[in-house]
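Position in the sequence shown (from 1) plus 2 gives the number in the working numbering.
Here is the structure we will look at.
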Amino acid sequence: MIESQRHSYHLVDPSPWPISGSLGALATTVGGVMYMHSFQGGATLLSLGLIFILYTMFVWWRDVLRESTLEGHHTKVVQLGLRYGFILFIVSEVMFFFAFFWAFFHSSLAPTVEIGGIWPPKGIWVLDPWEIPFLNTLILLSSGAAVTWAHHAILAGKEKRAVYALVATVLLALVFTGFQGMEYYQAPFTISDSIYGSTFYLATGFHGFHVIIGTLFLIICGIRQYLGHLTKEHHVGFEAAAWYWHFVDVERISGLRNESSKTKRTGLFQRITAAFPLPLIIIYKKVSSTFLLNLSVFWHINEGIEEIMADHVHQEMTRNWILVYLRLFLLIVVGYHSPGWIGAARKTHVFESSQKI
């Protein structure tokens with residue numbers, strides 16, 4: 003006889019996966035140490051441990067999805083517990099990267115005599131942060147906007163739009179990973195080149211690893227969304243993926259070192275004033291309905307952006323990609339906040355509402 007459950011918690015059934023995961027982790031650790039010290043069989047043990055861990059992760063999460071989707075064990079209280087647990091996991095990740103930033107700032111703010119008393123250390127040719135790093139930051143932030151679009155689509159009950167947004171997020175993430183691989187390939191220093199190489203590759207390497215994990219996370223969410231697992235009332239798995247992805251975005255911004263070059267005086271007025279109209283447009287949400295005035299505002303800001311990019315970004319391909327992103331954003335902002343566009347949007351909304359009635 004099955005007894006009725008008198009509480010809203012989920013008491014899980016006995017599972018073999020914790021012990022199998024522990025054995026896989028033990029084999030991976032011992033195998034890694036043996037491989038690094040050239041012991042016979044170290045590579046084999048390391049490979050077996052990794053395969054065991056990956057298999058355990060797959061079947062364990064498969065069971066969690068079954069308990070949630072098919073068996074209905076994830077009540078509101080259980081969902082809240084899962085959210086709290088994932089928030090604590092992200093806090094632990096913040097502490098993990100804080101250690102790398104601490105190492106970087108400790109070495110850069112007070113360079114020791116062993117590295118020549120300067121930062122970057124003597125003999126290190128650093129990457130220009132205004133080229134591939136800046137472009138990659140824009141790409142990753144765009145993917146963060148796409149995953150937010152997916153979240154709003156799920157909350158609105160628009161399944162297809164959510165799938166499209168997740169596909170866009172994953173594509174941008176793959177482009178980011180490709181550019182980071184190209185950046186590593188072209189870097190003029192290695193991880194063994196003083197403290198600069200160590201902190202650079204550890205911080206950016208672990209960030210890239212987190213991007214790959216987040217991409218896999220979002221791919222699984224996209225498949226689940228396509229299969230109809232996620233609803234506007236129950237999508238904790240997607241929320242965890244979105245939080246993780248936003249953490250990766252913040253981590254990227256924190257790690258981007260801003261090394262601006264000397265600014266030329268030519269067109270200085272245009273550079274300074276180019277930044278003023280955009281926040282005013284966003285704050286007042288109003289641009290003149292006159293087409294020529296809107297066009298002149300767009301042209302003025304666009305020219306200022308081109309001047310700034312010409313000063314700081316020297317690779318033509320990278321500069322063109324950045325300009326495409328910024329122009330598109332600028333065009334959307336200027337167009338959306340113009341009365342004509344807003345009026346058209348309101349008329350469309352009223353028409354759609356009347357059609358529904």
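Don't be surprised by glycine CBs; every beta carbon is placed ideally from N, CA and C.
Source: prediction; values computed, not measured.
query	result
Can we say the region 192–204 touches the region 159–168, given the rule of at least three CB pairs closer than 8 Å?	no
Less than 8 Å between the C-beta atoms of T220 and A242, yes or no?	As written in the sequence, residue 220 is Leu, which differs from the Thr given in the question. No, the pair does not count as a contact, with Cβ atoms beyond the cut-off.
Tell me whether Q42 sits in a helix, a strand or coil according to DSSP, three-state version.	coil
Rounded to whole angstroms, what's the CA-CA distance from S196 to I214? Just pull it up for me.	27 Å
Give the straight-line distance between the Cα atoms of Y186 and I141, rounded to the nearest whole angstrom.	17 Å
Closest by CA to H212, which one among E253, L52, Y11, G23?	E253
Can you tell me which of L143, T77, I193 puts its alpha carbon nearest to the alpha carbon of R8?	T77
Report the rounded CA-to-CA distance for T233 versus D251, giving the unit in angstroms.	25 Å
DSSP three-state call for A158: helix, strand or coil?	coil
Here's a check: name, in chain order, each residue in its chain whose Cβ is nearer than 8 Å to the Cβ of G224, leaving out the five neighbours to either side.	V165, L168, V169, V172
Identify every run of the alpha helix (DSSP H) within the region 179–260, keeping only runs that are complete inside it and at least 4 residues long; order them along the chain.	196–229, 238–257
Who are the Cβ neighbours of Y11 in its own chain at under 7 Å, not counting the five residues just before and after it?	V79, V80
Look up Y11 in the DSSP assignment and say whether it is helix, strand or coil.	coil
What does the alpha-carbon distance come out to for the pair L48 and D15?	31 Å
With H, G and I counted as helix, E and B as strand and the rest as coil, what does DSSP make of W127?	coil
With three or more beta-carbon pairs closer than 8 Å as the criterion, would you say the region 23–36 touches the region 64–71?	no
What residue from P135, G83, I53 has the CA that sits closest to M184's CA?	P135
Grouping DSSP H, G and I as helix and E and B as strand, with all else coil, what is S109?	helix
If you reduce the DSSP assignment to three classes, tell me which class P135 lands in.	helix
Drop a sphere of 10 angstroms on the beta-carbon of S17, count the other beta-carbons inside from all chains shown, and report buried for 16 or more, exposed for fewer.	exposed
Which of the three DSSP states, helix, strand or coil, is assigned to E73?	coil
Thinking just about the alpha-carbon of each residue, which of L13, Q227, M97, G239 is nearest to the one in A155?	Q227
Using only the alpha-carbon positions, how far apart do A112 and W19 sit?	48 Å
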